[in-house]
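Encoded as structure tokens, the structure appears first; notes follow it.
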Amino acid sequence: MFSYLAYPLGPDARVSLITGTSVNFFQIPPNPDATPGLIAGVTSYPQIAVPESELEQKLFRNPDADGSVGAKLDYQPPTSAATIA
20 MFSYLAYPLG PDARVSLITG TSVNFFQIPP NPDATPGLIA GVTSYPQIAV PESELEQKLF
80 RNPDADGSVG AKLDYQPPTS AATIA
């Protein structure tokens, strides 16, 4: 899901909010003879220690304020946030 909301504060300024959610479910197939490829110094990894599935939920939100002051100065402070559950 995704949303974008904006509200003008005047002719030269506005506030906005961008939000989104992501829900993913991964299944890891059992492969007991596989060699780890991304773990430095590990030559074997017990299959019992590998979870068979994973549920990943993310919430993104990005509040924003932008505008201009005069003809030569524009502003947009950096803001963002993400929550992983």
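Take my numbering: the final residue in the sequence shown is number 104, and no numbers are missing along the way. Note that beta-carbon positions come from the ideal geometry of N, C-alpha and C, so glycine has one too.
| request: Please name the residue in 88, 92, 98 and 44 whose C-alpha comes closest to that of residue 74. | output: 44
| task | My understanding is that residue 79 touches residue 39, with C-beta atoms under 8 angstroms, so please give their C-beta distance in whole angstroms. | result | 4 angstroms
| query | What residues are listed by DSSP as bridge partners for residue 36? | reply | 24 and 82
| field | Best match in 77, 90 and 31 for proximity to residue 21 [C-alpha to C-alpha] | value | 77
| query | Among the residues of its own chain, which have a CB less than 6 angstroms from the CB of residue 31, if the five just before and after it don't count? | reply | 86 and 87
| said: So, at 6 angstroms on beta carbons, what are the nonlocal neighbours of residue 41 in its own chain, with the 5 sequence-adjacent residues on each side left out? | reply: 77
| C-alpha distance - residue 27 paired with residue 83, whole-angstrom precision | 12 angstroms
| message | Is residue 83 near the ligand NAP - that is, is its Cβ less than 8 angstroms away from at least one heavy atom of it? | response | The ligand NAP is not part of this structure, which contains no ligands at all.
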